[in-house]
Every structure is written in C-alpha cells, then in structure tokens.
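Visitor: Using our numbering, you'd call the opening residue of the sequence shown number 36 and step up by one each time. The C-beta atom is built at its ideal place from N, Cα and C for all residues, glycine as well. Pasting a structure here, questions to come.
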Amino acid sequence: MTIRSRTVTLVLVALLMVVPLVTACDDDDTPTPVSTPTSVETPSPTAAPEPTTEPTSTSTPTPIETPEPTVAPTEPVEDIKITIGALTDMTGPAANAIIPVDKALVDVARYFNDNNLIPGVELEVIKYDGQFSPANDIPGYNWLKEQGADVIATIVSSAAVVLKPMLEEDEMMMFSLVASD
Numbered sequence: 036m037t038i039r040s041r042t043v044t045l046v047l048v049a050l051l052m053v054v055p056l057v058t059a060c061d062d063d064d065t066p067t068p069v070s071t072p073t074s075v076e077t078p079s080p081t082a083a084p085e086p087t088t089e090p091t092s093t094s095t096p097t098p099i100e101t102p103e104p105t106v107a108p109t110e111p112v113e114d115i116k117i118t119i120g121a122l123t124d125m126t127g128p129a130a131n132a133i134i135p136v137d138k139a140l141v142d143v144a145r146y147f148n149d150n151n152l153i154p155g156v157e158l159e160v161i162k163y164d165g166q167f168s169p170a171n172d173i174p175g176y177n178w179l180k181e182q183g184a185d186v187i188a189t190i191v192s193s194a195a196v197v198l199k200p201m202l203e204e205d206e207m208m209m210f211s212l213v214a215s216d
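Shown next as structure tokens:
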C-alpha cells in the first residue's frame, strides 16, 4: 500500500467519524427540558473478594528481541490533493434530508484544510446530483471518476449495491452512509 493510499484512507476515516457529529449538532437556541428523577435506589453492599494464595514458584520470563527501528524517509513528502466525490441528491425526493450531510462534508473538508490538520494534504469535495435515482448511480460514478475523484462518499441507498462491481474492478473506495451489503 502506497503512502498516498494510506493517507487517503486515514483522511477519509477521520472525515467519516466527524461528519455524523457535525450533522448532529443543533444550532437551535431553545433549551431542552431536563427531567428530574423521582426516586433513587440505594446500592446494595458487595461481598469482599476471596483471598489469593502466594505463588509457590516463578519462572524466568523469555527475553523478547527488540526489532530494528524503521528508518523514516528524510525527504519531505510532496503535497497531496485528495478529491472526494459525493454521489448525492440535491434536487430529488431525499434532498431535504441529504443536503445537510453534504454541507457537513464540505465543512469538514474546509476545516481540515483551513487548520492544516493533515500537513501536506488538501481535501476537495466535488458533487454529482443523482436525484436519488438508481438509474443515475453509474453515470454519477463515471462522472466523478472522470473529474478525478480519489474516493466516493454517498448517502444514496442504491449506490453501494449498484456500484459494488465497478468499485471492486476499479479498486475505488466508497464510503456509504447507509446500511447495505
């Protein structure tokens, strides 16, 4: 696995962990009421542990050989641009639910770039509006690939199933935010 592949994987895993958190953030200033518990149970006492016996003999530990340290490359790594292709729905029936997730992906990429969280890596997000139609999954995938997408991210439920054979053939990584095989 090349350094670029590892970097791309690391960045995308970090993004996928952050995107749900960003979309779950509530900017509403209305306070949420907190319920007060009506009763508290008294904990029951626990029994003391059984006493342990002293060991009768000990064995000498087997020495472990220390591996040779790996040598890090001394020359600086060139800057890498990772393009995330978002196969999304901006105008179809699921647009109202998916647009906040798309905005979160763009915000996270901008945050990573602005704060230089991954030195030498610039993230870019390009979008394809598949209108939540399985008929647009393959054309969308091909368009994103032609535009230079290194990985695909989608919340469109049909995309993972429809594109699986093509993704495997192209050895392209897809992050699907839906449950499917």
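With which residues is Met209 paired in a DSSP beta bridge?
Guide: The partner list for Met209 (beta bridge, DSSP) reads Ile187.
Visitor: Quick check on DSSP: helix, strand or coil for Leu152?
Guide: If DSSP states are grouped into helix, strand and coil, Leu152 belongs with coil.
Visitor: When you compare the CB positions of Val46 and Ile153, do they come within less than 8 angstroms of one another, or not?
Guide: In contact: Val46 and Ile153 (Cβ atoms closer than 8 angstroms).
Visitor: Going by the C-beta, is Glu159 closer than 7 angstroms to any heavy atom of the ligand FMN?
Guide: This structure simply doesn't include the ligand FMN, nor any ligand for that matter.
Visitor: Provide the residue(s) that pair with Val160 in DSSP beta bridges, ordered along the chain.
Guide: According to DSSP, Val160 bridges with Ile119.
Visitor: Check Ile38 in the structure and name its three-state DSSP category.
Guide: Ile38 falls in the helix class under three-state DSSP.
Visitor: May I ask you to verify whether the stretch 132-147 touches the stretch 97-107, counting CB pairs closer than 8 angstroms and requiring at least 3?
Guide: Contact fails: fewer than three Cβ-Cβ distances are below 8 angstroms.
Visitor: Here's a check: name, in chain order, each residue in its chain whose Cβ is nearer than 8 angstroms to the Cβ of Asp205, leaving out the five neighbours to either side.
Guide: If we look at Asp205 and ignore the five residues flanking it on each side, its Cβ neighbours are Lys180.
Visitor: Would you grab the beta carbon distance between Leu198 and Met209 for me? Rounded to a whole angstrom, and I think it's under 8 angstroms.
Guide: Rounded, the Cβ-Cβ distance is 7 angstroms, consistent with contact.
Visitor: Would you call the stretch 91-99 and the stretch 162-178 in contact, with 3 or more CB pairs under 8 angstroms?
Guide: No, because fewer than three Cβ pairs between the stretch 91-99 and the stretch 162-178 fall closer than 8 angstroms, the two stretches do not touch.
Visitor: Can you tell me the Cα-Cα spacing of Phe218 and Pro78, whole angstroms?
Guide: A query on residue 218 cannot be resolved here, the shown segment of the chain reaching from 36 to 216 and no further.
Visitor: Using the Cβ count rule (16 or more neighbours within 10 Å means buried), how would you classify Thr123?
Guide: Buried, by the Cβ-count rule.
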